[in-house]
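Read the structure below first, then the notes.
Protein chains: 2
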Amino acid sequence: MEKTRGYGSLPKATLGRLHMYYRYLSLHQRDFVSSEEMGGALGVLPEQVRKDLSYLRYKGKPRVGYRVSELRKELEEIFGVELELNMAIVGAGRLGGAIANYEGFERYRTRVVALFDKDPAKVGTYVGKFRVRSVDELPEAVRELQVDVGAICVPPDAAQEVADRLVESGVKAIWNFSPSQIKVPPEVILRDEDITRGLLMIKHSIAVRSFRGDDRTPEL
Amino acid sequence: MEKTRGYGSLPKATLGRLHMYYRYLSLHQRDFVSSEEMGGALGVLPEQVRKDLSYLRYKGKPRVGYRVSELRKELEEIFGVELELNMAIVGAGRLGGAIANYEGFERYRTRVVALFDKDPAKVGTYVGKFRVRSVDELPEAVRELQVDVGAICVPPDAAQEVADRLVESGVKAIWNFSPSQIKVPPEVILRDEDITRGLLMIKHSIAVRSFRGDDRTPEL
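One line per chain: the protein sequences are F and P, in this order. Mapping of the first sequence onto this note's numbering: residues 1 to 220, in sequence order. Mapping of the second sequence onto this note's numbering: residues 1001 to 1220, in sequence order.
Here it is as structure tokens:
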């Protein structure tokens, strides 16, 4: 992890674009890539791509572009891909069940180790490969299973209480899938996953286009 | 929709922050808000907040701030909140079921009108309040139910095929929840909802902090 030093001050918007580039490079296997190529595919100006990548230690070559293996290696460092994390899901409804059984986390060294619910009718049943545990076991399980991240998949009115319990139990980060805004102490990382955000971005594009009548796709 | 004219060229990052402000104002009821207050709560510099809000027609007042009702009204316009949309979900697994039955869309005048799956064993069963339809009915149903947005909740290897069918059936936008990158013609709006993105943002914060040892929460 030593090398992640120095990336702590990356602006949020830059970090978001770096993630786009990382995703693009993961999906398009090749040896070299140019800022024009990647920018063109992602709807980002080539100058912006070059500016963003200038935060990296690895520098591309004029007229040749960036060696993809080098770019990916450094982007993996920035995103702490190698860091091993244990995650617990609170809320065993459809969303919690979907997150718990999502197959894409292992690639990022993240393992779901527990699924909790407060409904006694659900406790002890299986949702996919997980046996649902009672939230009463949460503090003990978080410590025993060394849970780093707690994902909140409960109804909005229960979200803060669940967050408090997770914080007390010592998680490093909270991933909030509920639509309510929760508060955590400054030493805990909070990431809000707001699904209506995507919907509003789509609505914006449809609204903008409905009078403009052209076919340019705004970059989402 | 007339008034949405002129917002079509908002930079993506600005749009993302405008959504943060909109969300903040929806959750914090008050008459006036200052850029310091909102920026402080959201981890955005007050200057940045003022710059972002300068894209709006409504201007705040020095020393008084912004009237929340005016800000919200214009942000609702920008995000096309009043626009009525019909959405269809393809893929009736856990994630598709969670999206179909998510309660937060109605607030944004968006109605889920159909849920599809290709598995004959699922077709005809209920997932929450939705009877699962066969994907073979998709083109007809999209036209009959006037579906505007198609949400893709199928496994990655089936995503492009589903996208093609949705496009052929005439949807305006595709909301891709699968982890694979899909292609659509330029006249169709595409929004990728990549759940691992949130995870990598969390991993970045944990990695950065693990050597820095301080308590500053990077803004996620």
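Don't be surprised by glycine CBs; every beta carbon is placed ideally from N, CA and C.
Practice task
Work out the CA separation of residue 1105 of chain P and residue 199 of chain F for me, nearest whole Å.
Solution key: Position 199 of the first sequence, counting from 1, holds the residue named residue 199 of chain F. Position 105 of the second sequence, counting from 1, holds the residue named residue 1105 of chain P. Taking C-alpha positions only, residue 199 of chain F is separated from residue 1105 of chain P by approximately 8 Å.
Exercise for the section: May I ask you to check if the CB of residue 1116 of chain P is nearer than 7 Å to at least one heavy atom of the ligand HEM? Expected result: Because no ligand of any kind appears in the structure shown, any question about the ligand HEM cannot be addressed here.
Problem - First and last residue of the uninterrupted alpha helix (DSSP H) at residue 1014 of chain P - result: Working through the second sequence from its first residue, we reach residue 1014 of chain P at position 14. For residue 1014 of chain P, the enclosing alpha helix (DSSP H) covers residues 1012–1027.
Practice task
Flag this pair as yes or no: are the beta carbons of residue 1058 of chain P and residue 1047 of chain P separated by less than 8 Å?
Solution key: Locating residue 1058 of chain P in the second sequence gives position 58, where the first residue counts as 1. Locating residue 1047 of chain P in the second sequence gives position 47, where the first residue counts as 1. Not closer than 8 Å, so no.
Practice task
Between the Cα of residue 1090 of chain P and those of P:1041, P:1163 and P:1065, spot the shortest distance and give me the residue it belongs to.
Solution key: Residue mapping note: residue 1090 of chain P aligns to position 90 of the second sequence, counting from 1. Nearest option by C-alpha distance: P:1163.
Practice task
Out of F:154, F:192 and F:116, point me to the one whose CA is closest to residue 147 of chain F's CA.
Solution key: Against the first sequence, residue 147 of chain F aligns to sequence position 147. Minimum Cα distance to residue 147 of chain F is reached at F:116.
Handout entry: Where residue 1098 of chain P meets chain F, residues with beta-carbon distance less than 7 Å
Key = Within the second sequence, numbered from 1, the residue matching residue 1098 of chain P stands at position 98. Under the 7 Å cutoff, chain F gives 94, 95 and 98.
Problem - Closer than 8 Å to chain P by CB, residue 179 of chain F - result: One-based indexing of the first sequence puts residue 179 of chain F at position 179. Taking 8 Å as the CB threshold, residue 179 of chain F lines the interface with chain P.
Practice task
Compute the distance between the beta-carbons of residue 1101 of chain P and residue 1122 of chain P, then report whether it is under 8 Å.
Solution key: As a first step, residue 1101 of chain P is located in the second sequence; it is residue number 101 there, counting from the start. As a first step, residue 1122 of chain P is located in the second sequence; it is residue number 122 there, counting from the start. The answer is no: Cβ separation not under 8 Å.
Practice task
Please work out which residues of its chain come closer than 7 Å, Cβ to Cβ, to residue 1120 of chain P, disregarding the five sequence neighbours upstream and downstream, and give them in chain order.
Solution key: Counting from 1 along the second sequence, the entry for residue 1120 of chain P is found at position 120. Cβ within range, chain order: n/a, list empty.
Practice task
Could you work out which residues of chain F lie near residue 1081 of chain P, taking near to mean beta carbons separated by less than 8 Å?
Solution key: Within the second sequence, numbered from 1, the residue matching residue 1081 of chain P stands at position 81. What residue 1081 of chain P touches in chain F, judged by beta-carbon distance under 8 Å, is 200 and 203, going in chain order.
Exercise for the section: Kindly list the residues whose CB is nearer than 8 Å to the CB of residue 1193 of chain P, restricted to its own chain and excluding five residues on each side of it in sequence; keep chain order. Expected result: Working through the second sequence from its first residue, we reach residue 1193 of chain P at position 193. Closer than 8 Å at the Cβ level, and outside the excluded window around residue 1193 of chain P, lie 1175, 1176 and 1177.
Exercise for the section: Look at the alpha carbon of residue 22 of chain F and the alpha carbon of residue 1097 of chain P, and state the distance between them as a whole number of angstroms. Expected result: In the first sequence, counting from the first residue as 1, residue 22 of chain F sits at position 22. In the second sequence, counting from the first residue as 1, residue 1097 of chain P sits at position 97. Inter-residue distance for residue 22 of chain F and residue 1097 of chain P is about 29 Å (C-alpha atoms, whole angstroms).
Practice task
Would you mind working out which of P:1056, P:1150 and P:1207 sits nearest residue 1008 of chain P, comparing C-alpha positions?
Solution key: For this step, residue 1008 of chain P is matched to residue 8 along the second sequence. For residue 1008 of chain P, the nearest C-alpha among the options comes from P:1056.
Practice task
Count the other C-beta atoms from every protein chain shown that fall within 10 angstroms of the C-beta of residue 1204 of chain P, then say buried if there are 16 or more, exposed otherwise.
Solution key: Looking up residue 1204 of chain P in the second sequence gives position 204. Counting Cβ neighbours within 10 Å, residue 1204 of chain P comes out buried, since at least 16 surround it.
Exercise for the section: Can you have a look at residue 17 of chain F and say buried or exposed, based on whether 16 or more other CB atoms are within 10 angstroms of its CB? Expected result: Along the first sequence, one-based indexing puts residue 17 of chain F at 17. If you draw a 10 Å sphere on the C-beta of residue 17 of chain F, you find 16 or more other C-beta atoms in it, and that means buried.
Problem - Host beta strand (DSSP E) of residue 150 of chain F (start-end) - result: Along the first sequence, read from residue 1 onward, the residue named residue 150 of chain F stands at position 150. Looking at the DSSP string, the run of the beta strand (DSSP E) that includes residue 150 of chain F is 149–152.
Exercise for the section: For residue 1203 of chain P, name the three-state secondary structure that DSSP assigns. Expected result: For the purposes of this step, residue 1203 of chain P is identified with residue 203 of the second sequence, where counting begins at 1. Correct three-state label for residue 1203 of chain P: helix.
Problem - Cα-Cα separation between residue 1169 of chain P and residue 1145 of chain P, rounded to whole angstroms - result: Position 169 of the second sequence, counted from the start, is the residue given in the question as residue 1169 of chain P. Position 145 of the second sequence, counted from the start, is the residue given in the question as residue 1145 of chain P. So the alpha carbons of these two residues sit roughly 11 Å apart.
Exercise for the section: Check whether the Cβ of residue 1013 of chain P lies closer than 8 Å to any Cβ atom in chain F. Expected result: Here the question's residue 1013 of chain P lines up with position 13 in the second sequence. True, the Cβ-Cβ gap to chain F drops below 8 Å.
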